[in-house]
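When we follow my numbering, the leftmost residue of the sequence shown carries the number 28, and every step to the right adds one.
C-beta: ideal position from N, C-alpha, C; glycine also.
Data first, discussion second: the structure below is written as structure tokens.
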Amino acid sequence: MKISFLGASKEVTGSCFLIENKKVKFLVDCGMFQGEGAYEKNCQDFPFDPKEIDFLFLTHAHIDHCGRLPILVKKGFRGKIFCTKPTAELAILMMLDSAKIFLSNQGKKFQDPLYYDYDVEEVNNLFSYLNYNEEKIISSQVKVTARDAGHILGSCIYEIMIDDDGKMKKVIFSGDLGNSPSVILKDAEFPIGADAVLIESTYGNSLHEPRVEGRKKLKEIILQIIKKKENLIIPIFALERIQEILYDLNEMAENNEIPYVPIFLDSPLAIKTIEIYRKHIFSYFNQLAINLIKSGDDIFSFKGLKFTPEIKQSLAIEKVRPPKIILAGGGMLTGGRVMGYLDDYISKAKNNILLVSYQAEGTLGRELLEGAKKIKVEKKNVPVRAKIFNILSFSSHGDFKFLLNWIDRMNNPKPEKIFIVHGEEQASLALAEKINEKNKNSLCLIPSFGQTYEI
């Protein structure tokens, strides 16, 4: 049996893994590359024939895990896509949003769209749903059990049993592991053991501050911008980050921890994802969040919060005098409505930008995080005069301490091979070093793009 690493190898995005033996070929994820050079990478042919892929397991709905599914289908894939129901619903939203962005970039960047909305509809026909902790026979060669990854709504860890010439082999794919405990979702689960494991390493070299500290910082920043009558722009991802921030803002507003301030959710995609979250409360939320909702508290709605799905509503935000808070779509500042605020807001000292998401190499978010004095917006150099803040505790990824604990609890059996994926090289190297210190009998590997290993 072989595993080929075709994305998220010494980088964070483009998750895609090919597993094959003499009788079966399947994929785990088929995600989009993001950051510098991403368009060219996403245009490249797959290093396999999509028509030969029997089926695919999708770990979750982030675009770096699902974003090339329409291309895969266009190229001839016709197998089933296995995932949870909320993952399928969210992935369709994410891919439709990407198709819309491709069309808008066609005029600005002279890039042909990678796919269109009708290509996304073809993907929708291939979904087959999985439930957590239920073993499902996929074929005569493969059985799978989905576990809760605690990352975003419906996210999965996959435990896959593969018949390889009469010998059963167990491989675990971590997907993206959540920063548990979450205020909304259940905690990430801990598989007991495997022959081989693929573990993400987004924060393989860093430790998150406690969530209570992050909440405290957010509150302090809000109180300061209200006092100084300034604006706060928070670039957000539509999945999980925005839901958790709204949870905290709801709590602060309803407990009178912060005075009234206009708060705008300026992301049509995030507004749509919230509706999907509402559909799955009792199956996927943790008990504390369920109890709060049962008590009558709408955790995604409170005084001062306004959704602005329409462009004319978004444009009207400019007329609202500070202080105000804008939660704008585009967590890495590579697209979304946050781009409309950069030119004007980032060049003025009385504005504040709060980064709460991972910022990949080659993105404007990463430049701000690293202290850039100027950034290029639409071919124009814009001076950075706004104050830049960063809070890591809102991350939906576990830090190195969590990742170490997750792998350390696998003892039955202890994995022979541990593959470090989904992280920049330095983060992967740091995690591998820490894992090696505790797992002398496991071989820890950091695959490069295109490498293939025998299991």
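What span of residues does the alpha helix (DSSP H) with residue i cover, start to end?
i           : result
residue 239 : 238 to 255
residue 275 : 268 to 281
residue 295 : 295 to 306
residue 162 : Careful: residue 162 lies outside any alpha helix (DSSP H), inside the beta strand (DSSP E) at 162 to 164.
residue 341 : 338 to 343
residue 367 : 366 to 372
residue 223 : Run containing residue 223: none in the alpha helix (DSSP H); it sits in the beta strand (DSSP E), 223 to 227.
residue 432 : 427 to 435
Following the continuous beta strand (DSSP E) through residue i, name the residue where it begins and the one where it ends.
i           : result
residue 59  : Here residue 59 belongs to no beta strand (DSSP E), and DSSP marks it neither H nor E.
residue 184 : 183 to 191
residue 195 : 194 to 200
residue 480 : 479 to 481
Would residue i pass as a contact of residue j if the rule is Cβ separation under 8 Å?
i           : j           : result
residue 260 : residue 156 : no
residue 191 : residue 48  : yes
residue 488 : residue 126 : Since the first residue shown for the chain is 28 and the last is 482, residue 488 is missing from the structure and cannot be characterised.
residue 235 : residue 426 : yes
residue 229 : residue 39  : yes
residue 264 : residue 358 : yes
residue 505 : residue 141 : Residue coverage of the chain in this structure runs from 28 to 482, which leaves residue 505 outside it and unanswerable.
residue 272 : residue 354 : yes
residue 212 : residue 287 : no
residue 74  : residue 477 : yes
residue 224 : residue 446 : yes
residue 334 : residue 298 : yes
residue 29  : residue 479 : yes
residue 34  : residue 111 : no
residue 96  : residue 296 : no
residue 320 : residue 303 : no
residue 363 : residue 63  : no
residue 193 : residue 294 : no
residue 292 : residue 332 : yes
residue 132 : residue 209 : no
residue 430 : residue 204 : yes
residue 474 : residue 32  : yes
residue 349 : residue 407 : no
If contacts are defined as beta-carbon pairs under 8 Å, then residue i and residue j qualify, I think. What distance do you get, rounded to the angstrom?
i           : j           : result
residue 94  : residue 58  : 5 Å
residue 232 : residue 423 : With 8 Å as the limit, residue 232 and residue 423 do not qualify as a contact, their Cβ atoms being about 18 Å apart.
residue 109 : residue 171 : 7 Å
residue 483 : residue 438 : Because residue 483 is not part of the residues shown, which for the chain are 28 to 482, the question remains open.
residue 444 : residue 469 : 7 Å
residue 375 : residue 343 : With 8 Å as the limit, residue 375 and residue 343 do not qualify as a contact, their Cβ atoms being about 19 Å apart.
residue 88  : residue 117 : 4 Å
residue 379 : residue 416 : 7 Å
residue 401 : residue 411 : 6 Å
residue 433 : residue 200 : Not quite, the Cβ-Cβ distance comes to about 13 Å (not below 8 Å), so this is no contact.
residue 270 : residue 317 : Actually they do not touch by this definition, with Cβ atoms about 14 Å apart.
Compute the minimum distance between the beta carbon of residue i and the heavy atoms of the ligand FMN, and state whether it is under 7 Å.
i           : result
residue 371 : Looking for the ligand FMN in the displayed structure turns up nothing, as the structure carries no ligands at all.
When burial is assigned at 16 or more other CB atoms within 10 Å of the CB, is residue i buried or exposed?
i           : result
residue 268 : buried
residue 386 : buried
residue 124 : buried
residue 185 : buried
residue 37  : buried
residue 42  : buried
residue 361 : buried
residue 448 : buried
residue 460 : exposed
residue 227 : buried
residue 507 : An answer regarding residue 507 cannot be provided, because it is not within the stretch 28 to 482 covered by the chain.
residue 145 : exposed
residue 485 : There is simply no residue 485 to check, as the chain begins at 28 and stops at 482 in what is shown.
residue 61  : buried
residue 56  : buried
residue 347 : exposed
residue 183 : buried
residue 129 : buried
residue 245 : buried
residue 237 : exposed
residue 315 : exposed
residue 70  : exposed
Going by Cα to Cα distance, which pick from the options is closest to residue i?
i           : options            : result
residue 202 : 152, 91, 418, 406  : 91
residue 284 : 385, 247, 433      : 247
residue 399 : 405, 391, 406      : 391
residue 377 : 251, 451, 307      : 251
residue 160 : 193, 174, 395      : 174
residue 168 : 131, 307, 81       : 81
residue 149 : 164, 114, 105      : 105
residue 163 : 139, 472, 255, 188 : 188
residue 418 : 239, 432, 402      : 239
residue 290 : 243, 282, 341      : 341
residue 86  : 420, 421, 113      : 113
residue 395 : 455, 451, 381      : 381
Compare the C-beta of residue i with all C-beta atoms of chain B and state if any pair is closer than 8 Å.
i           : result
residue 403 : Here there is only one protein chain, and chain B is not present.
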